[in-house]
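Chains as they are written, first to last, in this note's numbering: chain Z, 1 to 136; chain R, 1001 to 1136.
Every residue gets a Cβ at the ideal spot worked out from N, C-alpha and C, and that includes glycine.
Here the structure is a predicted model, which is why all the values come from computation and not from measurement.
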DNA sequence: CTATATGCAAAAGCTTTGCATATTC
DNA sequence: GAATATGCAAAGCTTTTGCATATAG
């Protein structure tokens, strides 16, 4: 399941305690953490870790394509370790909860014919609204 | 087509030269301006206009639902005057160009059954990639 | 041993806020 | 004339950067 660390080792990614802790913080299902939340978790293990290191590491992971980035209105960037299953997101505008969403492949939006020559790299669908528990 | 300024007057929105200039800056098709770009345009007319006024005004317009907000990786917020036609966006990761995208209504993603009780407020689809002219 | 990751502190965006003054209705 | 928009400057947040030191491979 959590092969992120394995994938990174296979890439000969230079491993340090701080980097391992960042990777650790990003373990799980439906994880969408801000850099600051990652820092908090990392500091539970390694209290001296600097914010810069966490930012550097997250940026590298994103650049390598091993972690996804999620941009949500107003709020800070979120990091999503799930890059193996194609998915999208739902956001509760009330409580800030983010949930992974799988679309049936025939429900995935297609690049419209009005954009000939557009080379698609990423597709993001964001459902924003009020989640069931906030709606009462 | 139906005019933002008219809609605002109908709402008894208090009009000032600065606000009128902001609304003016946001006129057109396929317009996606950052707050700073709006400020530049406003200052062409009213050089003393403060950044705070532009931010206040844009926030109000968004809050009223008369202007749309677009959040793009890394870059600053963009403001989109087109709120009457339901549409999405394509972003060129190379040149930063943003283009409005219309999907056929049966291509619009549906809230999945896995989220019962979710009250959808907004749906954003973002196609990211390389535009035809950047691809050469 | 060498390349590079780390921590620190400072700076760099972007956006918001407080307050006195000016302006719209 | 009363409510509120404006400008200014300062502060707030998130993220990036430069540099000396520490450390992984």
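Host alpha helix (DSSP H) of residue i (start-end)
| i | result |
| --- | --- |
| residue 105/Z | Per DSSP, residue 105/Z belongs to no alpha helix (DSSP H) and is neither H nor E. |
| residue 1110/R | Unbroken run through residue 1110/R: none, as it is neither H nor E. |
| residue 4/Z | 4 to 10 |
Cβ pair residue i, residue j closer than 7 Å
| i | j | result |
| --- | --- | --- |
| residue 1114/R | residue 121/Z | no |
| residue 105/Z | residue 134/Z | no |
| residue 89/Z | residue 58/Z | no |
| residue 110/Z | residue 87/Z | no |
| residue 1021/R | residue 1037/R | no |
| residue 1039/R | residue 1054/R | yes |
| residue 1124/R | residue 1030/R | no |
| residue 1130/R | residue 48/Z | no |
| residue 1139/R | residue 1052/R | Nothing can be reported for residue 1139/R: it is not among the residues displayed for chain R, which extend from 1001 to 1136. |
| residue 91/Z | residue 98/Z | yes |
| residue 4/Z | residue 112/Z | no |
| residue 117/Z | residue 1132/R | yes |
Residue range of the unbroken beta strand (DSSP E) whose run includes residue i
| i | result |
| --- | --- |
| residue 1122/R | 1119 to 1130 |
Paired residues, beta bridge with residue i - DSSP
| i | result |
| --- | --- |
| residue 1099/R | 1090/R |
heavy atom of the ligand SAH below 6 Å from residue i C-beta
| i | result |
| --- | --- |
| residue 90/Z | The ligand SAH is not part of the structure shown, which contains no ligands of any sort. |
| query | Fully enclosed by the segment 1020 to 1094 of chain R, which beta strand (DSSP E) runs are 3 residues long or longer? | reply | If only uninterrupted beta strand (DSSP E) runs of at least 3 residues are considered, those enclosed by the segment 1020 to 1094 of chain R are 1068 to 1070, 1078 to 1080, 1088 to 1092.
| Any 3 or more C-beta pairs closer than 8 Å across the segment 1067 to 1087 of chain R and the segment 65 to 78 of chain Z | The segment 1067 to 1087 of chain R is in contact with the segment 65 to 78 of chain Z.
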